[in-house]
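Residue numbers (full-length UniProt numbering): 1 to 521.
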């Protein structure tokens, strides 16, 4: 099962250098053909809009020179510029060349299993071009796996566009990938600063590469009886950590919160001593990671006799799907909302093809809702709540225009039972022509005293109506019936929450709704 790696942008390529140095020294990697060609070169493509980093990679002997794709001008830390390109002759070849090289790499695999994408969330190339390639790879190879390794910038980063870029990129990743391994620069810095006074970018890249190698390189657990690795580690990780398509953000750096599922990889166990202590370790990990009680097998354990290359002692790598990502996404959501409402820096996106109506329907608004909903669904499942819709009303105050944009743009996977419930309720109330009634309910919902400005509801309603007319969506009536039912259910649940709090909708303050209802949930 061969894997092709895509390293996009300066960050993705710089992390790729130490990653491949470690991988090339691993015995299972050298003996197998999952990560390497028969001639020992990497199954990887290196893409950047500037030649600087690519020139450094070109000096190594482990990369096929034809798999280096680069342009002559950067993308100015602008997602729209990275996604749409410069639209100038001579600079529009990067996407086409990359897809052609990827096709040749895949055709050269005996058994192709999927792609691993490494990129940053903040840079123009890593975020915009990474999103574009992610979308095209999924469209071209819909049945193969796609995992992204995304590197989030420091919260006090130097780019004023990094919050927009990160938000838009995460929306695309959540739509097209099977799993997103999210790494925070702030957490890496905090960890390394405990061991050394000064931390360089190279040391950060080495640390990230070691963590990624720990969970993706071959293990004895997934090796066949004949001793050959079939390279299933990245895809078994997806199966283990991402049981639901809506909960696909995985972190290797852990902050204690609720955990859906956890993967432990022990390397350097040459004496099999780890197996004797496995039960006690599993119990400790369950307690430390606060595994949800409804998952009977929340932990998978893999072992390998050999250490990671460059490590003198045994290592233990842990990857977990847990709700600690909410802190970062809440920060991202808050900053992006503030900037968007002020109209800050939006002209940089309009200049390169991301128009205002596009941002409203396919960009900022759906992305904000997507980021708000995805991590909350993890927390929701952890606490055994049947549906996450109430969470959105109570704690994000974005639901008023959210369902319409989500359903039409199709960038958030609603739970099957929730969508069906909404559809049934809509039908029951006679919403045969769900569009007008659905928007009427949406406008009424805007009157609930939340932090959502009512004008946004009308703007989104008008925009969605226009899109439905232009595209003549065959599922328009069905979608609008679902929207109407969901809105009705959500309003009823909110009223129940407020009644339990001892007040009515009209008499409750914004603070009461946001605090009491969250406690109720």
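Even glycine gets a Cβ: it sits at the ideal position worked out from N, Cα and C.
- Per DSSP, the unbroken alpha helix (DSSP H) holding residue 163 starts and ends at 162-176.
- By the neighbour-count definition (other C-beta atoms within 10 Å, threshold 16), residue 58 is an exposed residue.
- Closest option to residue 306, judged by alpha-carbon separation, among 326, 38, 220, 317: 220.
- Taking the Cα of residue 12 as reference, the smallest distance to any Cα among 85, 119, 77, 210 is reached at 119.
- In its chain, beyond the 5 residues on either side, 62, 63, 64 have a beta carbon closer than 7 Å to the beta carbon of residue 41.
- Burial of residue 67 is indicated by the presence of at least 16 other C-beta atoms within 10 angstroms of its C-beta.
- Classified as buried, residue 46 has 16 or more neighbouring CB atoms from the shown chains inside 10 Å of its CB.
- For residue 155, same chain residues with a beta-carbon under 7 Å away, outside a window of 5 residues either side, are 186, 331 in chain order.
- Taking the CA atoms as reference points, residue 197 sits about 33 Å from residue 78.
- Counting only the Cα atoms, residue 247 lies some 14 Å from residue 295.
- Looking at 217, 171, 6, 14, the one whose alpha-carbon comes closest to that of residue 28 is 217.
- For residue 83, the enclosing alpha helix (DSSP H) covers residues 79-84.
- Counting only runs of 3 or more residues that sit fully inside the stretch 281-345, the beta strand (DSSP E) segments are 299-304, 315-322, in chain order.
- One alpha carbon belongs to residue 171, the other to residue 215, and they sit about 24 Å apart.
- Here residue 4 really is in contact with residue 105; their C-beta atoms are around 5 Å apart, less than 8 Å.
- Looking at the DSSP output, residue 125 sits in no beta bridge, so it has no partner there.
- Around the beta carbon of residue 39, fewer than 16 other beta carbons sit within 10 angstroms, so the residue counts as exposed.
- Leaving aside the five residues that flank residue 231 on each side, the residues in its chain whose CB is nearer than 8 Å to its CB run, in chain order, 1, 2, 3, 32, 34, 35, 113, 218.
- Assignment of residue 247 by DSSP, reduced to helix, strand and coil, places it in the coil class.
- Residue 146: member of the beta strand (DSSP E) spanning 145-152, first to last residue.
- Of the candidates 245, 293, 298, 298 places its Cα closest to the Cα of residue 264.
- Check the Cα spacing between residue 180 and each of 251, 125, 75: the tightest is with 251.
- Rounded to the nearest whole angstrom, the CA to CA distance from residue 131 to residue 240 is 25 Å.
- For residue 240, the three-state secondary structure derived from DSSP is helix.
- The Cβ-Cβ distance between residue 124 and residue 182 does not fall below 7 Å.
- Residue 51 sits exposed, since fewer than 16 C-beta atoms from the chains shown fall within 10 Å of its C-beta.
- Ranked by Cα distance from residue 158, the options 95, 76, 145 are led by 76.
- Residue state for residue 5 is assigned as strand, using DSSP reduced to three classes.
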